[in-house]
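As given, the protein sequences belong to chains D, C, L and P, one line each in that order. For reference, each letter of the first sequence is one residue, going 643 to 800 in this note's numbering. For reference, each letter of the second sequence is one residue, going 643 to 800 in this note's numbering. For reference, each letter of the third sequence is one residue, going 643 to 800 in this note's numbering. For reference, each letter of the fourth sequence is one residue, going 643 to 800 in this note's numbering. Idealized CB from N, CA, C, for every residue including glycine. Note that the structure is predicted; figures quoted are calculated from it, not measured. Let me begin by presenting the structure, written as structure tokens, before commenting on it.
There are 4 protein chains.
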Amino acid sequence: MSSSANHPQPAAQQLAERVRDAMLADDHATRALGIEIVEVGPARALARMPVRRDMLNGFGICHGGLITTLADTAFAYACNSANHVTVAAGVSVDFVAPAHEGDVLAALCEQRTQQARTGVYDVLVSNQHGHVVALMRGRSHRLKSRQVVPDGQGADQP
Amino acid sequence: MSSSANHPQPAAQQLAERVRDAMLADDHATRALGIEIVEVGPARALARMPVRRDMLNGFGICHGGLITTLADTAFAYACNSANHVTVAAGVSVDFVAPAHEGDVLAALCEQRTQQARTGVYDVLVSNQHGHVVALMRGRSHRLKSRQVVPDGQGADQP
Amino acid sequence: MSSSANHPQPAAQQLAERVRDAMLADDHATRALGIEIVEVGPARALARMPVRRDMLNGFGICHGGLITTLADTAFAYACNSANHVTVAAGVSVDFVAPAHEGDVLAALCEQRTQQARTGVYDVLVSNQHGHVVALMRGRSHRLKSRQVVPDGQGADQP
Amino acid sequence: MSSSANHPQPAAQQLAERVRDAMLADDHATRALGIEIVEVGPARALARMPVRRDMLNGFGICHGGLITTLADTAFAYACNSANHVTVAAGVSVDFVAPAHEGDVLAALCEQRTQQARTGVYDVLVSNQHGHVVALMRGRSHRLKSRQVVPDGQGADQP
């Protein structure tokens, strides 16, 4: 997942990081849940969330909806990384193992395909032992002609 | 959704309510998110969540993961209502309209089918205007021979 | 599912039937699989398929893909019934019971929601005993400004 | 996808091939649709299907259900390759591009995770130009204590 490993074009990498910064500025939900956007790149993102007590459900394990929220967050940063405003049209999640208080979950999102304004992204959620906790597949939909940040074609120049 | 409309058997209704009480006692996540379990019954549940500022994502709308968390909560209370400990094997969600700060979302969950230990449940999430915000379908998996609450076959008797 | 029970507007019902006739004319797959479009109406359709020997998989039960094909067929006739050319963006299927040679499967499709050009439809597949075999949820996408049949605004008049 | 590239253990590879042979012997559906099982290995399979005229729907493109049938076939051979009788619990499909008469579709299935008796497998369906046509994710369920072929622990010895 490191930039050096994948050699994205510097411009695409920088754009993904600018988009992340703009999104994070207003992302109250991610902040409230203690989700960290560890890394972004073209069409990918890595997010991390420690499982807190206030994330446990009535059976004493992490609420599946909050595992989904972590995965959906990685998805959002990945599918907006090219600076087209993009929303989730839908997600499907398979829960394969429970997560417990104190676990640190990592969600790695990668693009599978992008056709016109529709994309398919996969997210793998694993715990601090590298065990798979959940798999999510998301379908993204780009809104027409809207950018997350000014495209900087000259805009950043003095 | 009212008990009178559906005439569940009183014993099944009481059991669903006892299960709800037991689950709620430890349900930190639901409490932290301000989710209210409005009503439960045999194989169904209604949950409600006001959209708070700390639920908004980087685009100023309610995080899809938290809409999913609300739906998944209704699902959990519905699929455990018969007192077999039941977990979500997976969910799929279609997001059809955004939710905004101050909206009050309601998630109504109903069972579609139950075969052996596997069930399929549908959740409809709508806002205070009755507009559909999301649809979730969940697959449930009953753990073997585990109950949420003592079955009360005499247990409640002195 | 009968027209009388649901009282669709006659014009909407007639349009659904004209769309069905136009689609069926070229629908080689449906014909080859012996699928019958039993009934159509506004945003709904009922299709039926006897399970033949050449539909069995290596375990001697009906191939899940062909159960999906039946469900997807009902979906196609339902989501095109308003005469906007509409394709499936995706489907998800839960297989809940096997189907056997000689079974007659019925797939009933109904619309859950329609927003702009995106719809969500549910299909219930059951056998001749009324037992549920599978549930499918489909997401539909309307192509822009294309009709299945001429809209007949006067076109049918002499 | 070649054996040499993945170096599966010879015993696992041979078992996958014996399972394939046993399944194919009775697989009427696969044969009727002209599906070829091109390659199998531990937890993976590649299947191919030329799109025939009798696979076209009312819009003149390959029926989505039949694309799903191809993908589901690859899934079946992959998830049974370890010789535990395994069925599909559910599938979800994203259709990303149409397929036309004469196209030759390839479905490559790989395992994402296997926990106890539940697995998650991904299938990528592409055409002869290497363009993605559909993505399927399948959830598999192993039946208890049933094998596809005798395990050959001495059984094949004279």
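Going by DSSP, name the residue or residues bridged to Met691 (chain P).
P:Leu747
In its own chain, which residues sit with a C-beta less than 6 Å from the C-beta of Ala716 (chain L), not counting the 5 before and 5 after it?
Ala687, Ala689, Ala749, Cys751 and Val765
Below 8 Å on C-beta distance, what does Gly732 (chain C) contact in chain P?
Gly732 and Arg781
Please confirm if Thr728 (chain P) has its CB atom under 9 Å from at least one CB of chain D.
False, the Cβ-Cβ gap to chain D never drops below 9 Å.
Distance between Val746 (chain D) and Gln770 (chain D) (C-alpha atoms, nearest Å)
5 Å
Just mark Gln756 (chain P) as buried or exposed, buried being the case when its beta carbon has 16 or more other beta carbons within 10 Å.
buried
Under the three-state DSSP convention, the category Ile679 (chain P) falls into
Looking at Ile679 (chain P) - three-state DSSP - the assignment turns out to be strand.
Helix, strand or coil for Gly706 (chain D)? Go by DSSP, reduced to three states.
Correct three-state label for Gly706 (chain D): helix.
Assigned secondary structure, Ala730 (chain P) (DSSP; H/G/I helix, E/B strand, else coil)
strand
As assigned by DSSP and simplified to three states, the class of Arg759 (chain D):
coil
His670 (chain L), DSSP secondary structure in three states
helix
Check the Cβ of His705 (chain L) against every Cβ in chain P and list those closer than 8 Å, keeping chain order.
Ala671, Thr672, Thr711, Asp714 and Thr715
Would you verify that the beta carbon of Thr824 (chain P) is, or is not, closer than 9 Å to some beta carbon of chain C?
Given a span of 643 to 800 for chain P in the structure shown, any question on residue 824 (chain P) remains unanswerable.
So the beta strand (DSSP E) Met778 (chain P) belongs to, where does it begin and stop?
Annotation for Met778 (chain P): the continuous beta strand (DSSP E) segment containing it runs Val774 to Gln789.
Find out if the Cβ-Cβ distance for the pair Gly707 (chain P), Ala713 (chain L) is shorter than 9 Å.
yes
Taking the beta carbon of Ala653 (chain D) as the centre, do at least 16 other beta carbons fall within 10 Å, making it buried, or is it exposed?
Looking at its Cβ environment, which holds fewer than 16 other Cβ atoms inside 10 Å, Ala653 (chain D) is exposed.
Return the CA-CA distance between Asn725 (chain L) and Gln655 (chain L), expressed in angstroms with no decimal places.
Put simply, the backbone Cα of Asn725 (chain L) is about 11 Å away from that of Gln655 (chain L).
Could you tell me the distance, in whole angstroms, from the CA atom of Ala667 (chain C) to the CA atom of Leu698 (chain D)?
12 Å
Using the Cβ count rule (16 or more neighbours within 10 Å means buried), how would you classify Gln651 (chain C)?
exposed
Exposed unless 16 or more other CB atoms sit within 10 angstroms - verdict on Arg759 (chain P)
exposed
Can you list, in chain order, the residues of its chain with a C-beta nearer than 6 Å to that of Lys786 (chain P)? Leave out the 5 residues immediately preceding and following it.
Excluding positions up to five away in sequence, the list is empty.
Check the Cβ of Ala739 (chain L) against every Cβ in chain C and list those closer than 7 Å, keeping chain order.
Residues of chain C with a Cβ closer than 7 Å to the Cβ of Ala739 (chain L) are, in chain order, Gln757.
Going by other Cβ atoms of all chains shown within 10 Å of its Cβ, with 16 needed for buried, is His742 (chain C) buried or exposed?
exposed
Please report how far the alpha carbon of Val661 (chain L) lies from the alpha carbon of Ala718 (chain L), in whole angstroms.
Whole-angstrom Cα-Cα distance: 11 Å.
Please confirm if Gly772 (chain L) has its CB atom under 9 Å from at least one CB of chain P.
no
One or two residues paired with Arg686 (chain L) in a DSSP bridge
L:Gly683 and L:Glu752
According to DSSP, residues forming a beta bridge with Asp764 (chain P)
P:Glu752 and P:Arg779
Among C:Glu678, C:Ala739 and C:Pro692, the one whose alpha carbon lies nearest that of His773 (chain C):
C:Ala739
Assign Gly761 (chain C) to buried or exposed, taking buried as 16 or more other Cβ atoms, counted over all protein chains shown, within 10 Å of its Cβ.
buried
To the nearest angstrom, how far is it from the Cα of Ala720 (chain L) to the Cα of Thr672 (chain P)?
28 Å
Which partner residues of Leu698 (chain L) appear in the DSSP bridge assignment?
L:Cys704
Inter-residue spacing [alpha-carbon to alpha-carbon] between Leu657 (chain D) and Ser723 (chain D):
Roughly 7 Å separates the two Cα atoms.
Leu777 (chain C) versus C:Val767, C:His783 and C:Arg784, residue with shortest Cα-Cα distance:
Closest by alpha carbon: C:Val767.
Inter-residue spacing [alpha-carbon to alpha-carbon] between Arg788 (chain C) and Val727 (chain L)
50 Å
Is the CB of Leu688 (chain D) under 9 Å away from at least one CB in chain P?
no
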